[in-house]
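Going by our numbering, the letters in the sequence shown line up with residues 908 to 1004, in that order. The C-beta atom is built at its ideal place from N, Cα and C for all residues, glycine as well. What follows is one structure encoded as structure tokens, with my remarks underneath.
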Amino acid sequence: METDLAGGIVPSALTENLDPHRVNMHGTNTYEPRCKSLVGEVGKAAHCGIYEVRPSPCHDLQPAWEYGEPSPQCDKARIKHGMQPLTLDMWEPLQRR
């Protein structure tokens, strides 16, 4: 991971050791994952509290339909939190708010 201790920008205080060579964001390697940097309530109003310095896996995750395509990773996360995957029909009204 790209932590500040390794010359990157991700605050190391928000990470935890995964093994001797890797770290992950604190709270993401649990049965009910919740990143320590997540602000708000999932399914209502949640956002990344360190968006500008988030790690590359977070950069790579695209919200479903934000760019006109589904996102299997987003669907998986929504299901894990008891929500159904977004469909294009669901996404479009959200954008009109």
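**Study point:** Beta-bridge pairing of V946 - partner residues as DSSP gives them
**Key:** The count along the sequence shown starts at 1 and reaches residue 946 at position 39. Per the DSSP secondary-structure output, V946 pairs in a beta bridge with H954.
Practice item. Provide the residue(s) that pair with M932 in DSSP beta bridges, ordered along the chain. Key: Residue mapping note: residue 932 aligns to position 25 of the sequence shown, counting from 1. Looking at the DSSP assignment, M932 forms a beta bridge with T922.
**Study point:** Best match in W998, G950 and P962 for proximity to G989 [C-alpha to C-alpha]
**Key:** Numbered from its first residue, the sequence shown carries residue 989 at position 82. Comparing Cα positions, the closest option is G950.
Exercise for review: Alpha carbon to alpha carbon, how far is P992 from S963? Give it in angstroms, no decimals.
Suggested key: Your numbering for residue 963 matches position 56 in the sequence shown. Your numbering for residue 992 matches position 85 in the sequence shown. Each residue's alpha carbon lies about 23 angstroms from the other.
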